[in-house]
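Take a look at the structure below.
Number of protein chains: 2
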Amino acid sequence: MTDVAERAGVSRALVSIVFRDVPGASEQTRARVKAAAAELGYAPDRRARLLSRRRTRVLGVTFALGHEFHADLLAGLYRAAAAHDHELALSGTTGDRDEDEAVADLLALRCDALLLLGSALGEPALARLAATVPVVAVARGTRAAGVDVVRTDDVAGAALAARHLLDLGHARLVHVDGGAAAGADERRRGFATAVDGAGRGPAVTTGGGLTEDDGAAAAGRLLAEGPLPTGLVVFNDQSAVGLMDVLQQAGRRWPEDVSVVGYDDSPVARSRWARLTTVRQDVDALARLAVLRAVERVEDPAPPAREDLVAPSLVVRGSTGPPDPSR
Amino acid sequence: MTDVAERAGVSRALVSIVFRDVPGASEQTRARVKAAAAELGYAPDRRARLLSRRRTRVLGVTFALGHEFHADLLAGLYRAAAAHDHELALSGTTGDRDEDEAVADLLALRCDALLLLGSALGEPALARLAATVPVVAVARGTRAAGVDVVRTDDVAGAALAARHLLDLGHARLVHVDGGAAAGADERRRGFATAVDGAGRGPAVTTGGGLTEDDGAAAAGRLLAEGPLPTGLVVFNDQSAVGLMDVLQQAGRRWPEDVSVVGYDDSPVARSRWARLTTVRQDVDALARLAVLRAVERVEDPAPPAREDLVAPSLVVRGSTGPPDPSR
DNA sequence: TTCGACGACTAGAGCGCGCTAGTTCTACCG
DNA sequence: CGGTAGAACTAGCGCGCTCTAGTCGTCGAA
Chain A
277 MTDVAERAGV
287 SRALVSIVFR
297 DVPGASEQTR
307 ARVKAAAAEL
317 GYAPDRRARL
327 LSRRRTRVLG
337 VTFALGHEFH
347 ADLLAGLYRA
357 AAAHDHELAL
367 SGTTGDRDED
377 EAVADLLALR
387 CDALLLLGSA
397 LGEPALARLA
407 ATVPVVAVAR
417 GTRAAGVDVV
427 RTDDVAGAAL
437 AARHLLDLGH
447 ARLVHVDGGA
457 AAGADERRRG
467 FATAVDGAGR
477 GPAVTTGGGL
487 TEDDGAAAAG
497 RLLAEGPLPT
507 GLVVFNDQSA
517 VGLMDVLQQA
527 GRRWPEDVSV
537 VGYDDSPVAR
547 SRWARLTTVR
557 QDVDALARLA
567 VLRAVERVED
577 PAPPAREDLV
587 APSLVVRGST
597 GPPDPSR
Chain B
277 MTDVAERAGV
287 SRALVSIVFR
297 DVPGASEQTR
307 ARVKAAAAEL
317 GYAPDRRARL
327 LSRRRTRVLG
337 VTFALGHEFH
347 ADLLAGLYRA
357 AAAHDHELAL
367 SGTTGDRDED
377 EAVADLLALR
387 CDALLLLGSA
397 LGEPALARLA
407 ATVPVVAVAR
417 GTRAAGVDVV
427 RTDDVAGAAL
437 AARHLLDLGH
447 ARLVHVDGGA
457 AAGADERRRG
467 FATAVDGAGR
477 GPAVTTGGGL
487 TEDDGAAAAG
497 RLLAEGPLPT
507 GLVVFNDQSA
517 VGLMDVLQQA
527 GRRWPEDVSV
537 VGYDDSPVAR
547 SRWARLTTVR
557 QDVDALARLA
567 VLRAVERVED
577 PAPPAREDLV
587 APSLVVRGST
597 GPPDPSR
C-alpha cells in the first residue's frame, strides 16, 4: 500500500479511500492510484482490512463435502451474500473433519454470523454457539435457543407428492419414509394429511431411510407383501432409485406398473434411466432467506429466533403417470 | 487477549507463547493462561495472527461446487494440509462465479499458495498467476510456466481399462472418448497403446463427451452402425451411464451382451443399476502430493515446475465380464 | 564471591489496513 | 483583499496478534 501511495505520489490514506470507493478523492487521482496499483499488482489485504473494522461482513458457512444439495445451496449463498455486500468463508465437514472443527475454524476468522447447512449439532451445542455469535440453521429444524431456522416446508412437500399421485387417480399409495432422518417426521405427516384429507386413508407408511439400500430393502418388502401399491412416495431420490432398481429387476415398469415420487431433485432424478418425478426444494429462496436472517441478526441480535418455511415445488418427470386401468 | 493476560496475571506476550505452543512458559503458567482463556471464551483471532506472520500457512483452494470428484479431493486436502500444519481457504466456482473471482478472493487473503482443482484457466493466465504466487494445478495438465502439476496418469488409466477387457477375452473394443475435454487425449492414447500393444489393433475410437447425453448419442451411433462391440471403454462414468441407458432400452444387457468400463468411480458407478466397472483416481495421493508440492514451493520457489503423475486403479464391478461365446 | 547459562517472562515495534480529526488548497463572494 | 465553504488530501492511532530484544531471577561451576 505504501508502495502504491509513493508511486502515485499520494498518502496511504488516499489509496485506502480509492480502494474503498468512498468520496474524498478526485477522479484524476483515483485513476492515478489505480494505475499504480495495477502496475504493482496490488490488491488490498482482506485480513488487515477486516481487522480494523468492527463488522467483518463475512458469513461463515459449514457444509458437508460431497453433498449435492449443499453445493446447490452454496451457489445460492454466494449470490445472496454478494447482494448484501458480504463475503463467504467456507468450512467443509467430512468423515474425519467434524462440525465442531469446522465451526472453530470459522470462529477463529471472526465471522459476523454462522450459517450451518444441515447441521448435525445437538440443541445444547447449537444454543451455546448461538450465545456467542448469530447462528442460522439451514435445511434443518431445531428449537435451540437463539438459533434462526430456514428450511423447506417438508409437510407441504410430501403433501404435494401425495396429491400429485391422488390427482393422477392412484388409490393405493404407500410412503417409504426416512426413519429418524431430519425432516422424516414432517414428510410422514404431510403424506398422511394429504391422503386422509382426500378420503383415501388410512395412510400407509413403511420403514425406509436415506440410502439406496434402504430403498431397495423397502422394495423387497413391498413385493413380498402382496399386490404392489400403484403409487409410492419415497423419502428422497437416493432411496427412490434403490427401490426402483429392485422393482425393475422384478419386471415392474414405471409409470405403467407403479408411479414413484422422490424428494430433492438431485442429479440422479434427472438421469435418463430414472426420470424421477420429485419434490424440489427452492434452493435460491433458502439461500436468500438464510443470508437475510444472518445479516438482520448481526444488525440487531435482540429479536427472538424465528423459523422460515420455504415452499417446495413438484418436478414432474416420467416416473409418474395414471394407473393402468387394466391391472 | 489483553483480558486473558490480565486474568492470568501475565503479559500478552506470554499468552501468545502459550497459544502458539512454543517454549518459554512454565507448565504452571500455561495451565493458568488456558484456564483464563476458557473462562473468557477466548480463541486467537486468526486474521490478526496471520497478519503479523510472514508465512500464513494457508493454502487457497479453488474448486467447482457440486463436482463430486472435487469434493473427494477436498477431503483429502484437509487431511494433507493438517499433516503439514497448514490450513485451507476454500473458494468455490459456480455458473455465475468464475475462477478469476475465486482466485482474486484467495489472493486477497494472502494465501501462501494456490491449489486449483481442475482449473479452466488458460496457460497465459496460469503463468501470470504463477508469477505472483506458487500455483499447483490439480487434476489438470498444463505447460504454463512455473505451474506445478499433480494429476492422474490418464494414459495408464485408459490402458488399465482396455487391458481389463482384453484379459477377459474381448476382441472388439471401442473407446467412446471425451472429445476436447481435459485428459481426453491421454485416455485416447492409453487405450490405443494397450489395444495395439496386445495385437488387437487398430484401436477404434468414437466421438463422445462428458455428459450422459454424449454417451447416449454414442450408443445410438454404435447400435446403428452394425454389430455392437463387446467391450466399451467410456471417457467417464456419466457418459457411460447415458450410454448404458440407451443400450438397455435396446434390449442389451451387461455384462452378457456388452462390457462397459467407466472412469472416475463416481457415486453413480456404485449404483445398483449400473454396477459400473471403472477407473478410480487415487484421490488421497493426489491431495497429498498437491499439498506437498505447494509447501515445497513456498519454501523454495526456485526449482522448475514439475509434473506428478499418480497411478489410477481399476474397480471391477458387474458391468464387465467375459464375452458370451454363443454370440 | 563472581560469573555465565538458562528458564521465565515482558516491552514494544510492526504486520496492512480503516478511520477520525485534522490541514491545505481552490474557488467564489462581498 | 479578507473571509469562507467545500473538496482534496494527510497524520497517526488502533485493530489483535507475532516476534525480537531484551530484563529478571535462580542455580551451578570456577
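Protein chains in written order, with our numbering: chain A, 277 to 603; chain B, 277 to 603.
Every residue gets a Cβ at the ideal spot worked out from N, C-alpha and C, and that includes glycine.
Does residue i have its Cβ less than 9 Å from a Cβ in chain A?
i         : result
Asp521(B) : yes
Trp549(B) : yes
Gly368(B) : yes
Ala351(B) : yes
Glu315(B) : no
Glu375(B) : no
His362(B) : no
Gly518(B) : yes
Asp472(B) : no
Leu397(B) : no
Arg593(B) : no
How about residue i: is its C-beta nearer than 9 Å to some C-beta of chain B?
i         : result
Pro577(A) : no
His446(A) : no
Tyr354(A) : yes
Thr408(A) : yes
Pro320(A) : yes
Glu488(A) : yes
Asp372(A) : yes
Val544(A) : yes
Gln557(A) : no
Apply the 10 Å Cβ neighbour rule to residue i and answer buried if 16 or more other Cβ atoms are within range, or exposed otherwise.
i         : result
Pro599(B) : buried
Ala307(B) : exposed
Thr408(B) : exposed
Ala378(A) : buried
Gly538(B) : buried
Glu399(A) : exposed
Glu303(B) : exposed
Asp388(B) : buried
Asp376(B) : exposed
Pro577(A) : exposed
Glu488(A) : buried
Asp521(B) : buried
For residue i, which residues from the same chain have a beta carbon less than 6 Å from its beta carbon, with the 5 sequence-adjacent residues on both sides left out?
i         : result
Leu366(B) : Val337
Val571(A) : His360
Leu523(B) : Ala495
Ala470(B) : Ala435, Ala438, Arg439
Ala526(B) : Leu499
Can you tell which of the options has the C-alpha that lies nearest to the C-alpha of residue i?
i         : options                                    : result
Pro320(A) : Val291(A), His343(A), Gly285(A)            : Val291(A)
Asp374(B) : Asp388(B), Ala493(B), Phe339(B)            : Phe339(B)
Gln514(A) : Gln304(A), Ser287(A), His343(A)            : His343(A)
Gly477(B) : Leu499(B), Leu442(B), Gly502(B)            : Leu442(B)
Ala401(B) : Pro410(B), Arg416(B), Ala420(B), Leu383(B) : Ala420(B)
Leu590(B) : Val574(B), Asp429(B), Trp549(B)            : Asp429(B)
Asp472(A) : Leu444(A), Ala578(A), Ala435(A)            : Ala435(A)
Asp560(A) : Gly459(A), Ala406(A), Leu350(A)            : Leu350(A)
Glu575(B) : Leu397(B), Thr332(B), Asp279(B)            : Thr332(B)
Thr370(B) : Leu341(B), Pro580(B), Arg323(B)            : Leu341(B)
Leu385(A) : Trp549(B), Tyr318(B), Gly285(B)            : Tyr318(B)
Arg556(A) : Ala550(A), Arg548(A), Pro543(A)            : Pro543(A)
Thr596(A) : Val509(A), Val586(A), Pro588(A), Gly455(A) : Val509(A)
Asn512(B) : Phe345(B), Val412(B), Leu449(B), Ala314(B) : Phe345(B)
Ala587(B) : Glu363(B), Leu397(B), Gly422(B), Gly433(B) : Gly433(B)
Thr553(A) : Glu462(A), Ala460(A), Leu444(A), Ala492(A) : Leu444(A)
Leu486(B) : Pro580(B), Asp453(B), Leu316(B), Ala358(B) : Asp453(B)
For residue i, which residues in the same chain have their Cβ closer than 7 Å to its Cβ, ignoring the five residues on either side in sequence?
i         : result
Ala356(A) : Ala563, Arg564, Val567
Arg528(B) : Leu504, Val534
Asp381(B) : Ser367
Arg465(B) : Val431
Ile293(B) : Gly300, Ala301
Pro531(A) : Gly594, Ser595, Thr596, Gly597
Thr418(B) : Glu399, Leu402, Val425
Near residue i, which residues of its chain fall below 8 Å by C-beta distance, leaving aside the five closest residues on each side in sequence?
i         : result
Arg582(A) : Asp424, Val425, Arg569
Return yes when at least one heavy atom of the ligand GTP lies under 8 Å from the C-beta of residue i, else no.
i         : result
Ala432(B) : In the structure on display, the ligand GTP does not appear, and there are no ligands present to speak of.
Restricting to runs no shorter than 4 residues, where is the alpha helix (DSSP H) found entirely within the segment 284 to 316 of chain A? 288 to 296, 303 to 316
| task | At 4 residues or longer, and completely inside the segment 305 to 382 of chain B: list those alpha helix (DSSP H) runs for me, N to C. | result | 322 to 327, 344 to 359
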